[in-house]
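**Student:**
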Amino acid sequence: MTLTCHPERSEGSPLGTSFPILRRLGRMRSLGFARDDGRIAAVFVAALLVLSAPAWAVNPDEMLKDPAQEHRARELGKDLRCLVCQNQSIDDSDADLAKDLRVIVRERIAKGDSDDQVRKFVVDRYGDYVLLKPPFKMSTLALWLGPLALFLGALWAVLAFYRRRPAEKAAPPPPPLSAEEQRRLDKLLKESER
Amino acid sequence: MIAEIGHFALVLALCVAVVQAVVPLMGARRGNAAWMSVAGPAATLQFLFIAVAFGALTNAYVTSDFSVMNVAQNSHTDKPMLYKVAGVWGNHEGSLLLWITILALFGFAVTLFGRNLPPGLKSRALAVQATIAVGFLAFILLTSNPFARLEPPPINGQGLNPMLQDPGLAFHPPFLYLGYVGFSMAFSFAIAALLEGRVDAAWARWVRPWTLAAWVFLTCGIILGSWWAYYTLGWGGWWYWDPVENASFMPWLAGTALLHSAIVVEKRDALKSWTILLAIVAFGLSLLGTFLVRSGVLTSVHAFATDPARGVFILLLLCAAVGGSLALYAARAPTMKMGGLFSPISREGALLLNNVLMATGAATVLLGTLYPLIADALNLGKVSVGPPFFNAVFLPLMAPMVLVMAAAPMLSWKRGDIAGVLGRLKFIGALALGAAMLVWFLQGGSAGPWWTGAGFALAVWLGLGTLWDMAERIGLFSRPGQALSRAAKLPNSAWGMLLAHFGLAVFIVGLTASSAWTTEHIQTQKVGETVDVSGYGVTLKSVDEVPGPNYTATRATFEISKGGSVIGVMAPEKRMYRQPPRPTTTAAIRSGITGDLYVVIGDPDPNKGGWVTRLYFNPCIPWLWAGGLLLIVGGLISLADRRHRVGAPARAANAAAKA
Chain X
-8 MTLTCHPERS
2 EGSPLGTSFP
12 ILRRLGRMRS
22 LGFARDDGRI
32 AAVFVAALLV
42 LSAPAWAVNP
52 DEMLKDPAQE
62 HRARELGKDL
72 RCLVCQNQSI
82 DDSDADLAKD
92 LRVIVRERIA
102 KGDSDDQVRK
112 FVVDRYGDYV
122 LLKPPFKMST
132 LALWLGPLAL
142 FLGALWAVLA
152 FYRRRPAEKA
162 APPPPPLSAE
172 EQRRLDKLLK
182 ESER
Chain V
23 MIAEIGHFAL
33 VLALCVAVVQ
43 AVVPLMGARR
53 GNAAWMSVAG
63 PAATLQFLFI
73 AVAFGALTNA
83 YVTSDFSVMN
93 VAQNSHTDKP
103 MLYKVAGVWG
113 NHEGSLLLWI
123 TILALFGFAV
133 TLFGRNLPPG
143 LKSRALAVQA
153 TIAVGFLAFI
163 LLTSNPFARL
173 EPPPINGQGL
183 NPMLQDPGLA
193 FHPPFLYLGY
203 VGFSMAFSFA
213 IAALLEGRVD
223 AAWARWVRPW
233 TLAAWVFLTC
243 GIILGSWWAY
253 YTLGWGGWWY
263 WDPVENASFM
273 PWLAGTALLH
283 SAIVVEKRDA
293 LKSWTILLAI
303 VAFGLSLLGT
313 FLVRSGVLTS
323 VHAFATDPAR
333 GVFILLLLCA
343 AVGGSLALYA
353 ARAPTMKMGG
363 LFSPISREGA
373 LLLNNVLMAT
383 GAATVLLGTL
393 YPLIADALNL
403 GKVSVGPPFF
413 NAVFLPLMAP
423 MVLVMAAAPM
433 LSWKRGDIAG
443 VLGRLKFIGA
453 LALGAAMLVW
463 FLQGGSAGPW
473 WTGAGFALAV
483 WLGLGTLWDM
493 AERIGLFSRP
503 GQALSRAAKL
513 PNSAWGMLLA
523 HFGLAVFIVG
533 LTASSAWTTE
543 HIQTQKVGET
553 VDVSGYGVTL
563 KSVDEVPGPN
573 YTATRATFEI
583 SKGGSVIGVM
593 APEKRMYRQP
603 PRPTTTAAIR
613 SGITGDLYVV
623 IGDPDPNKGG
633 WVTRLYFNPC
643 IPWLWAGGLL
653 LIVGGLISLA
663 DRRHRVGAPA
673 RAANAAAKA
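Residue numbers (the working numbering), protein chains in the order written: chain X, -8 to 185; chain V, 23 to 681.
Here it is as structure tokens:
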């Protein structure tokens, strides 16, 4: 449900050199990801409308023979970001870079890496940015603890609200209804029952 | 010429909006009835002018007038008429015009239905409404004119993004905007109430139906978007916690909270200050959603920089609207008198607790959506916040909310008896635990995820708890003879609530099952080959080229069999549009009560011959849509409650007198 970026698919150079992502990002910008007016509009509208180009994602030729290993690869892939896309996991993206990463993940799994080792391998190369679930560390403290702090803060406010109330309760009770008021109330109640 | 009329009408609308924003407000301040009465006619006039502008742009699209730049960039003569019309709002300028049209429509609705409103409140609310209109009209006229001409006009247009050429998506933006902008009503009335310094039950009675209407539209828009994503994106997902989805989900959460706290204001004259704040927040989040999507700040920081005028303008608008209203709130809210008292264990108390959870949920989504921007701005490094984060943090917040939801409608106002209510629900609780164990057993224990049991337990607790509440209300078990007549007497708002809550339970079933037990088969399939998908035999029969109105489709035909006998044919497509040349997928879906068989055709495999096919069984997906539909229907039924029609009681009394 996101914008799929379309780096030219034919130029599928594998991971050979140091940081293919940089080259790709450069290429994307030169593609004019949102350069002229019309494109901006198209991109924004697309974004507004919760869009994506069709995602072919995982292809049969890259899948591992062992279903258990392939399952692990899929689960790992769901948590890894396609770096040239907007908020898509490598599992959902048809970008070349996503494919490269999927292949790397499968290579590591085939070599016997554990899930954590594979994740570490990828993070060592691409940084925390590649993780769709950011790690818990100083720079993400506010993100992870924020919701809890908000909830506790709100609960505290609610408790304070209840504590403040008895003071008001001490106010003298309203005078009882007069006969006339009681008659009108009865009439109203009768009407509403009908 | 017609385009110029549209442009001119927008300028006139801006002038009228300025008058409508200033004169009635001053009139209300000075107690000048004549000045106050300007608001109504001005709102009508403003709506007429904006409608003319909208009509002019629609005309340009329908007639394919490519001398209008907007049309040339987003339309094409080959497009079917539906998408020519939908193209009006399928772009930046046009969608803003739709936004402002809906805003003016709501203002007009106030003049139509608001005859019984106190003149002070009405004129102030319309003035606030007009202030928003001034901001957006200025934005359109200064930075995003949809009527700009192109010289010389091209022979044909560049076409609409094929992804938008879909019935589900053609109607998605109008519903979304009806929701977003609908919250402006609650906002305008909240500001008007703050200016007046008075919030009472009459205020809540007026605000509730409008909030409910906006909420129904927004729910509709979100569900349409999800449904569309489900059948076009080709992997069976329907929600990705994408920033643009979050942009619509945050106002929904705040709006849902507002809907419920407004009940407390109406019935018990309590939580007034909190309700006003929620009204401001709900619309503020709608504006933020518009900003996030329109400024392109989410696409990339660079997109924001390429056209700073637009982004900065909306940012200023957002700051002025939200900052100004919050400042007013801070100044006025403390003077508001607290109303009815209630104990923490009461219906009010339960509604407040759910409001807290809902608001925390909205804040969490906001934090997660903006955190990458914040981290970037503070040089904390680049961070991705994706679905795994939201699932891990948001869903646990919603679980206690669902727990409270089943019991809350059974609690009495002011002071409830929690032990009594839990006693009435103990069978339901036992059934929920039983459902959890059954699900755990059926999925083979830890072979499936641990949370499926929790999901089903919550769904059973809420669903059956709601049904039980309904049964008790109509005395189904205590006095079965009168149950029908009692059911007929139950107010619409009660039925609406019961249906909507039940709908959420149905939705949770779909959410849990489809997240946990989807089966997927990706392979190269040759013609004649059969793949077994959750008991269905899926055979590829043929792949053909089929021409469409403005695309060529590659259509695969699959034969579906179960237990050896053929039960149907499915034909997914892969389309290549001519202008602009982009591919789309259309999945073939066969829905049943247990789930969807979902079939997608991919690229041909050059090595082995045959086609890449993706076959899924997505369990309980129809439950999602059914649950969403129940939410909408529940909202509509509640909206039809006669108590929502101001002045209805008086009319009902007359009718009774005649009878």
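Just so it is clear, CB atoms sit at the ideal spot from N, CA and C, and this is done for glycine as well.
Does the CB of X/Asp70 have a neighbour CB from chain V at under 7 angstroms?
**Tutor:** The residue given as residue 70 of chain X occupies position 79 in the first sequence. Judged by the 7 angstroms Cβ criterion, X/Asp70 is in contact with chain V.
**Student:** Specify the secondary structure class of V/Val40 as computed by DSSP and reduced to three states.
**Tutor:** Position 18 of the second sequence, counting from 1, holds the residue named residue 40 of chain V. Three-state result, V/Val40: helix.
**Student:** Does X/Tyr117 have its Cβ less than 7 angstroms from a Cβ in chain V?
**Tutor:** Counting from one through the first sequence, the residue named residue 117 of chain X turns up at place 126. For X/Tyr117, the closest Cβ of chain V is not nearer than 7 angstroms.
**Student:** Please confirm whether X/Ala37 has its beta-carbon closer than 7 angstroms to some beta-carbon of chain V.
**Tutor:** Translated into the one-based positions of the first sequence, residue 37 of chain X becomes position 46. Bear in mind that a pLDDT of 38 at X/Ala37, under 50, signals an unreliable position, so the model cannot answer this.
**Student:** Taking 7 angstroms as the limit between beta carbons, can you name the residues of its chain near V/Ala509, skipping five residues before and five after?
**Tutor:** Against the second sequence, residue 509 of chain V aligns to sequence position 487. Leaving aside the five residues that flank V/Ala509 on each side, the residues in its chain whose CB is nearer than 7 angstroms to its CB run, in chain order, Ile496.
**Student:** Chain X partners of V/Gly390, CB-CB under 8 angstroms?
**Tutor:** As a working mapping, residue 390 of chain V is identified with position 368 in the second sequence. Within chain X, the residues near V/Gly390 are Leu134.
**Student:** Around the Cβ of V/His682, are there at least 16 other Cβ atoms within 10 angstroms (buried) or fewer (exposed)?
**Tutor:** Residue numbering for chain V in the displayed model covers 23 to 681; residue 682 of chain V lies beyond these limits and cannot be assessed.
**Student:** Let me check one thing: in DSSP terms, what residues is V/Ser583 bridge-paired to?
**Tutor:** Here residue 583 of chain V refers to the residue found at position 561 of the second sequence. V/Ser583 has V/Gly559 and V/Val588 as its beta-bridge partners, per DSSP.
**Student:** Look at the alpha carbon of V/Gly256 and the alpha carbon of V/Lys144, and state the distance between them as a whole number of angstroms.
**Tutor:** Numbered from its first residue, the second sequence carries residue 256 of chain V at position 234. Numbered from its first residue, the second sequence carries residue 144 of chain V at position 122. Our two residues, V/Gly256 and V/Lys144, have alpha carbons roughly 49 angstroms apart in a direct line.
**Student:** Which residues, in order along the segment 515 to 545 of chain V, keep a beta-carbon less than 7 angstroms from a beta-carbon of chain X?
**Tutor:** Ile544 and Gln545
**Student:** Keeping to the same chain, check which residues put their C-beta closer than 7 angstroms to that of V/Leu350; ignore five residues upstream and five downstream.
**Tutor:** Here residue 350 of chain V corresponds to residue number 328 of the second sequence, with the count starting at 1. The answer, listed in chain order, is Ile213 and Leu216.
**Student:** Work out the CA separation of V/His194 and V/Leu120 for me, nearest whole Å.
**Tutor:** Working through the second sequence from its first residue, we reach residue 120 of chain V at position 98. Working through the second sequence from its first residue, we reach residue 194 of chain V at position 172. Taking the straight line from one Cα to the other gives about 12 angstroms.
**Student:** Alpha carbons only, please: which of V/Ala662, V/Ser59, V/Leu447 and V/Lys294 is nearest the one belonging to V/Ala208?
**Tutor:** Within the second sequence, the letter at position 186 stands for residue 208 of chain V. Among V/Ala662, V/Ser59, V/Leu447 and V/Lys294, the Cα nearest to that of V/Ala208 is on V/Lys294.
**Student:** Apply the 10 Å Cβ neighbour rule to V/Leu419 and answer buried if 16 or more other Cβ atoms are within range, or exposed otherwise.
**Tutor:** In the second sequence, the residue the question calls residue 419 of chain V occupies position 397. Sixteen is the threshold: when 16 or more other Cβ atoms of the shown chains lie within 10 Å of the Cβ of V/Leu419, as they do, the residue is buried.
**Student:** In the DSSP output, what is V/Ile611 paired with across the bridge?
**Tutor:** Within the second sequence, residue 611 of chain V is the residue found at index 589, counting from 1. V/Tyr620, per the DSSP bridge assignment.
**Student:** For V/Ile615, count neighbouring C-beta atoms within 10 Å of its own C-beta (all shown protein chains included) and say buried if the count is 16 or more, exposed if not.
**Tutor:** The residue you call residue 615 of chain V lines up with position 593 of the second sequence. The residue is exposed, with fewer than 16 neighbouring Cβ atoms inside 10 Å.
**Student:** Please decide whether V/Tyr393 counts as near chain X, where near means a Cβ-Cβ distance under 7 angstroms.
**Tutor:** Residue mapping note: residue 393 of chain V aligns to position 371 of the second sequence, counting from 1. Yes - at least one Cβ of chain X is within 7 angstroms of the one on V/Tyr393.
**Student:** Specify the secondary structure class of V/Ile27 as computed by DSSP and reduced to three states.
**Tutor:** As a position in the second sequence, residue 27 of chain V is number 5, starting the count at 1. V/Ile27: helix per DSSP, three-state reduction.
**Student:** Check each residue of the segment 117 to 145 of chain V: if its Cβ is closer than 9 angstroms to any Cβ of chain X, include it; give the result in chain order.
**Tutor:** Per Cβ criterion, the list reads Ser117.
**Student:** Does DSSP classify V/Ser500 as helix, strand or coil?
**Tutor:** Within the second sequence, numbered from 1, the residue matching residue 500 of chain V stands at position 478. Three-state DSSP puts V/Ser500 in coil, outside helix and strand.
**Student:** So that I know if they touch, is there some Cβ in chain V lying closer than 7 angstroms to that of X/Ser130?
**Tutor:** Counting from one through the first sequence, the residue named residue 130 of chain X turns up at place 139. Interface criterion met: the Cβ of X/Ser130 is under 7 angstroms from a Cβ in chain V.
**Student:** If you draw a straight line from the alpha carbon of V/Val266 to that of V/Pro602, how long is it in whole angstroms?
**Tutor:** By 1-based counting over the second sequence, the position of residue 266 of chain V is 244. By 1-based counting over the second sequence, the position of residue 602 of chain V is 580. Computed Cα separation, rounded: 23 angstroms.
**Student:** Using the rule of at least 16 other Cβ atoms within 10 Å of the residue's Cβ for burial, across every protein chain shown, is V/Gly442 buried or exposed?
**Tutor:** Counting from one through the second sequence, the residue named residue 442 of chain V turns up at place 420. Exposed, by the Cβ-count rule.
**Student:** At which residues does the alpha helix (DSSP H) containing V/Trp517 begin and terminate?
**Tutor:** Locating residue 517 of chain V in the second sequence gives position 495, where the first residue counts as 1. Start and end: Asn514 to Ala538.
**Student:** So that I know if they touch, is there some Cβ in chain V lying closer than 7 angstroms to that of X/Leu179?
**Tutor:** Here residue 179 of chain X corresponds to residue number 188 of the first sequence, with the count starting at 1. It does not: the Cβ of X/Leu179 has no partner Cβ on chain V nearer than 7 angstroms.
**Student:** Closest Cβ-Cβ distance between V/Pro102 and chain X: below 7 angstroms?
**Tutor:** Reading the second sequence from its first residue, position 80 is the one you call residue 102 of chain V. So, not an interface residue.
**Student:** So is V/Phe411 in contact with chain X if we call contact Cβ pairs under 7 angstroms?
**Tutor:** Residue 411 of chain V sits at position 389 when you count from the first residue of the second sequence. It does: the Cβ of V/Phe411 has a partner Cβ on chain X nearer than 7 angstroms.
**Student:** May I have the straight-line CA-CA distance separating V/Gly277 from V/Ile298, to the nearest angstrom?
**Tutor:** Taking the second sequence and counting its residues from 1, the one referred to as residue 277 of chain V is at position 255. Taking the second sequence and counting its residues from 1, the one referred to as residue 298 of chain V is at position 276. So the alpha carbons of these two residues sit roughly 12 angstroms apart.
**Student:** Quick one: which chain X residues come within Cβ less than 9 angstroms of V/Asp618?
**Tutor:** Residue mapping note: residue 618 of chain V aligns to position 596 of the second sequence, counting from 1. Neighbours of V/Asp618 on chain X: none; closest Cβ ~17 angstroms, over 9 angstroms.
**Student:** Using DSSP bridges, identify the partner residues of V/Ala61.
**Tutor:** If you number the second sequence from 1, residue 61 of chain V lands on position 39. According to DSSP, which records beta bridges pairwise, V/Ala61 is partnered with nothing at all.
**Student:** Considering only the beta carbon of each residue, do V/Val238 and V/Ala269 sit closer than 7 angstroms?
**Tutor:** On the second sequence, position 216 is the one that residue 238 of chain V refers to. On the second sequence, position 247 is the one that residue 269 of chain V refers to. Contact: no.
**Student:** Give the secondary structure of V/Lys596 by DSSP, where H, G and I count as helix, E and B as strand, and everything else as coil.
**Tutor:** In the second sequence, counting from the first residue as 1, residue 596 of chain V sits at position 574. Strand at V/Lys596.
**Student:** Please compile the residues from chain V whose C-beta is within a distance smaller than 7 angstroms of the C-beta of X/Ala145.
**Tutor:** Numbered from its first residue, the first sequence carries residue 145 of chain X at position 154. Those are Val378, Ala381 and Thr382, listed as they occur along chain V.
**Student:** I think X/Asp106 touches X/Leu67, with their Cβ atoms under 8 angstroms apart; what is that distance to the nearest whole Å?
**Tutor:** Working through the first sequence from its first residue, we reach residue 106 of chain X at position 115. Working through the first sequence from its first residue, we reach residue 67 of chain X at position 76. Indeed, because the Cβ distance is near 6 angstroms, the residues count as touching under 8 angstroms.
**Student:** Can you tell me the Cβ-Cβ gap for V/Tyr638 and V/Thr541, rounded? I've got them flagged as a contact below 8 angstroms.
**Tutor:** Numbered from its first residue, the second sequence carries residue 638 of chain V at position 616. Numbered from its first residue, the second sequence carries residue 541 of chain V at position 519. Confirmed, about 7 angstroms.
**Student:** Can you find at least 3 beta carbon pairs, one from the segment 655 to 665 of chain V and one from the segment 511 to 522 of chain V, that sit closer than 8 angstroms?
**Tutor:** They touch, by the three-pair rule.
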